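The sequence shown: position 46 = 46 (the UniProt record's numbering), numbered continuously.
Just so you know, even glycine gets a beta-carbon here, dropped at the ideal spot from N, CA and C.
All figures in this text were calculated on a predicted structure; none of them were measured in a lab.
Heads up: the structure comes next, in structure tokens.
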Amino acid sequence: MIPVIKIVAGVGLIALTFASKPEKSLSNGNSSWQPETKYSGSDSIKQLINTTKATKVVIGKTVKNRTISAYYFPGTSNKNALIIGGVHGSELSAIEVAKSVIDQLNKGEKPYYNVIVLPVLFPDNAAQALAKPEKIGSGENIGRYTHKQAVDPNRQMPTLGTSFERCNGKDHLGRSIEVENQLLLKIIDEFKPDRIVNLHAIRNINNAGFFADPRTDHHGFSLGFDTDSCLAIDMARFVHKQCGNVNGNRLPIRANATYPKDPVAVAAEVKQPRNINGSTLPGRRGQGVSLGSWATTAVNDSVYAERKRKAIRLITVEFPGAKRPVDYKTIELQQQCAKEVRTYASAIVKVFLADNYPEKVDSIQYTSVNKQ
């Protein structure tokens with residue numbers, strides 16, 4: 001029996017409620033999640049991470065009344081990790097990787113990190129993609145955006161170095177943050193992950209792989225890139241050894257941990273350039289601060305001390321192609337994709353969630369004055 005949490009939209013508290021029946025899955029995977037325990041009140045996350053059992057987490061509903069679910073797995077340490085799939089609903093393979101992570105965690109040993117997995121952050125958008133199976137993986141990108149005028153879901157974060165203002169729900173450019181992203185930001189506020197995996201899929205499979213976003217202090221000065229880069233490359237090597245596609249990491253000759261479209265990582269204490277331009281879309285819909293840039297920038301809120309946080313280590317995963325195994329026409333391609341999904345998920349479980357480059361508690365990430 002598995003407990004279920006629900007975060008009430010617009011409220012800072014997290015409370016657990018019971019689910020009357022299992023939610024319909026967007027994948028062909030099996031699910032055995034059932035409610036077990038009930039927590040409530042402002043300390044519910046603290047109570048949750050003290051549990052010794054896997055827990056299904058309901059963080060809210062979409063505009064179209066679909067449930068947004070997550071899964072919690074206790075680890076062996078006091079450190080937390082967050083894994084996010086389905087930021088872009090068109091990238092169905094990334095959702096499959098998230099669900100494979102859940103399956104492996106459910107069957108395997110405890111990870112080092114306490115983990116919350118959000119397999120489908122934007123289920124309405126994923127449903128759009130599933131409604132037109134013949135278009136999955138095509139250049140039409142059906143399901144990437146909530147509607148034709150919507151801002152890219154991965155470009156709706158607050159200004160770099162600032163906390164999420166729940167009272168107004170605006171992003172860096174003053175636009176309303178979609179409810180799904182607001183729920184994600186609340187999870188980050190409450191759960192305080194030390195590291196994050198942001199799961200995506202990429203059409204150009206020559207750029208597939210694992211990429212680290214450089215961490216900075218709240219002024220944007222680099223905290224160093226060595227361990228972030230090493231973690232991304234270790235994950236890529238895990239997949240490469242099993243003949244998986246991590247072409248974007250340029251293994252084995254020239255190991256690369258920087259996302260192809262991002263500025264290069266600079267030396268420690270140097271101002272780190274960020275890409276806030278994104279893709280070129282009408283109405284600047286492709287512009288804004290990404291989760292990768294926002295999460296990896298420390299927050300030093302001078303008004304609300306509780307919102308102060310370290311820069312979060314973040315790995316962006318780009319799976320090769322948006323199709324799920326079932327979307328391929330031949331058995332050979334289906335099996336190949338299924339193996340790739342399992343291998344990418346295993347890299348997350350066995351490398352990212354293991355005791356590799358654990359974040360230092362006493363690292364200094366705040367400065368009183370801006371560097372020149």
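Query, Result
"Which two residues bound the contiguous alpha helix (DSSP H) that contains residue 222?", "It is not in any alpha helix (DSSP H) - residue 222 carries neither H nor E in the DSSP assignment."
"Going by Cα to Cα distance, which pick from 180, 259 and 315 is closest to residue 156?", "180"
"Spatial neighbours of residue 343 within its chain, please: CB distance less than 6 angstroms, with the 5 preceding and 5 following residues excluded, ordered by chain position.", "239, 242 and 244"
"Please confirm whether residue 319 and residue 208 have their CB atoms less than 8 angstroms apart.", "yes"
"May I ask you to list the residues that DSSP assigns as paired with residue 316?", "198 and 211"
"Quick one: what does DSSP say residue 309 is sitting in, helix, strand or coil?", "strand"
"Return helix, strand or coil for residue 191, following the three-state DSSP convention.", "helix"
"Excluding five sequence neighbours on each side, which residues of the same chain lie with their C-beta closer than 7 angstroms to the C-beta of residue 260?", "207 and 248"
"When you compare only the Cα positions, how much space is there between residue 109 and residue 353?", "11 angstroms"
"Sort out for me which residues DSSP pairs residue 60 with in a bridge.", "68"
"Check whether the Cβ atoms of residue 123 and residue 62 lie closer than 8 angstroms to each other.", "yes"
"Among 302, 182 and 228, which has the Cα closest to the Cα of residue 291?", "182"
"Identify, in the order they occur along the chain, each residue of the same chain with its Cβ nearer than 7 angstroms to the Cβ of residue 21, setting aside the five sequence neighbours on each side.", "Residue placement at residue 21 is poorly supported in this model, since its pLDDT is 37, which falls under 50; the coordinates still yield a value, given next. Same-chain partners within the cutoff: there are none."
"Taking C-alpha atoms, which residue in 91, 117, 217 and 113 lies nearest to residue 99?", "117"
"Pick out whichever of 143, 300 and 262 has its Cα sitting closest to the Cα of residue 219.", "300"
"Exposed or buried, what is residue 267 when buried is set at 16 or more other beta-carbons lying within 10 Å of its beta-carbon?", "exposed"
"Put residue 101 into one of helix, strand or coil per three-state DSSP.", "helix"
"Per DSSP, residue 81 forms a beta bridge with which residues?", "115 and 195"
"For the alpha helix (DSSP H) that residue 331 lies in, which residues bound it at each end?", "331 to 347"
"What are the partner residues of residue 299, as DSSP defines its beta bridges?", "309"
"Rounded to whole angstroms, how far is the Cβ of residue 147 from the Cβ of residue 158, which I believe are closer than 8 angstroms?", "Not a contact, Cβ separation roughly 22 angstroms."
"In chain order, what residues of the same chain lie with their CB nearer than 6 angstroms to the CB of residue 94, ignoring the 5 residues before and after it?", "85, 199, 200, 201 and 319"
"Tell me where the alpha helix (DSSP H) around residue 353 begins and ends.", "Residue 353 -> no alpha helix (DSSP H), and no H or E assigned at all."
"Could you spell out the range, first to last residue, of the alpha helix (DSSP H) harbouring residue 123?", "123 to 130"
"Using the Cβ count rule (16 or more neighbours within 10 Å means buried), how would you classify residue 253?", "exposed"
"Going by the CB atoms, is the gap between residue 192 and residue 309 shorter than 8 angstroms?", "yes"
"Apart from the five residues just before and just after residue 102, which ones in its own chain have a Cβ nearer than 6 angstroms to its Cβ?", "71 and 117"
"Reducing DSSP to helix, strand and coil, say where residue 164 ends up.", "coil"
"Take residue 250 and list the residues in its own chain whose beta-carbon comes closer than 8 angstroms to its own, dropping the five residues that flank it on each side.", "256"
"Residue 313 and residue 195 look like a contact to me (Cβ under 8 angstroms); what is the Cβ gap, rounded to whole Å?", "4 angstroms"
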